[in-house]
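For the sequence shown, the working numbering assigns the number 705 to the initial residue and increments by one for each residue that follows.
We put the beta carbon where it would ideally sit given N, CA and C, even for glycine.
Nothing here was measured: the structure is a model prediction, and the numbers come from that model.
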Amino acid sequence: MPDPLALAIVNESQALRRSHARASAADVLDLVMQGRHERLIDFGDHMLPPAPFALLVAEALGDPMSAAEWAAFTGPKADARLRATLQLQYALNVWPRFLERYRIS
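Listed below in structure tokens is the structure:
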């Protein structure tokens, strides 16, 4: 289960994304993450696609796969093996860049 700080980050980033649709994903995360980079934060299931927060992170970090591709290939209709493989790739290649960018340790 995600901790309260993670839920606040997820909810604030989603709300900001909706209210400022023209803002880049990176700008949204940069704003929401200000002052929140001193400890490891447990995001639970929000850290893996197809969770909307995970898709926002991938977009913000300029991942080669689009949010739509991540959602399609990791969503409930995706092949289970493909989903598991891509979620592993996300955890190994995208999520660490998020942790590094916001100095979460």
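How would you call residue i, buried or exposed, if buried means at least 16 neighbouring beta carbons within 10 angstroms?
i	result
Arg721	buried
Ser717	buried
Glu804	exposed
Leu733	buried
Leu790	buried
Leu786	exposed
Among residues of its own chain, excluding the 5 on either side of residue i, which ones have a beta-carbon nearer than 6 Å to its beta-carbon?
i	result
Asp767	Val798
Val714	His750 and Phe757
Between which residues of its own chain and residue i is the CB-CB distance below 7 Å, once the five residues before and five after are set aside?
i	result
Pro754	Trp774, Ala775, Thr778 and Gly779
Met751	Ala758 and Trp799
Arg801	Leu765
Helix, strand or coil for residue i per DSSP?
i	result
Tyr806	coil
Pro756	helix
Asp746	coil
Ser735	This sequence places Leu at residue 735; Ser is not what is there. Correct three-state label for Leu735: helix.
Ala727	coil
Met751	helix
Arg801	helix
Taking 8 Å as the cut-off, is the CB of residue i close to at least one heavy atom of the ligand MG?
i	result
Asp707	Of the ligands one can find in the structure shown there are none, so the ligand MG has no counterpart to examine.
Go to residue i, then tell me how far its alpha helix (DSSP H) extends in each direction, as first and last residue.
i	result
Arg722	Pro708 to Ser723
Gln791	Ala784 to Asn797
Ala771	Ala771 to Thr778
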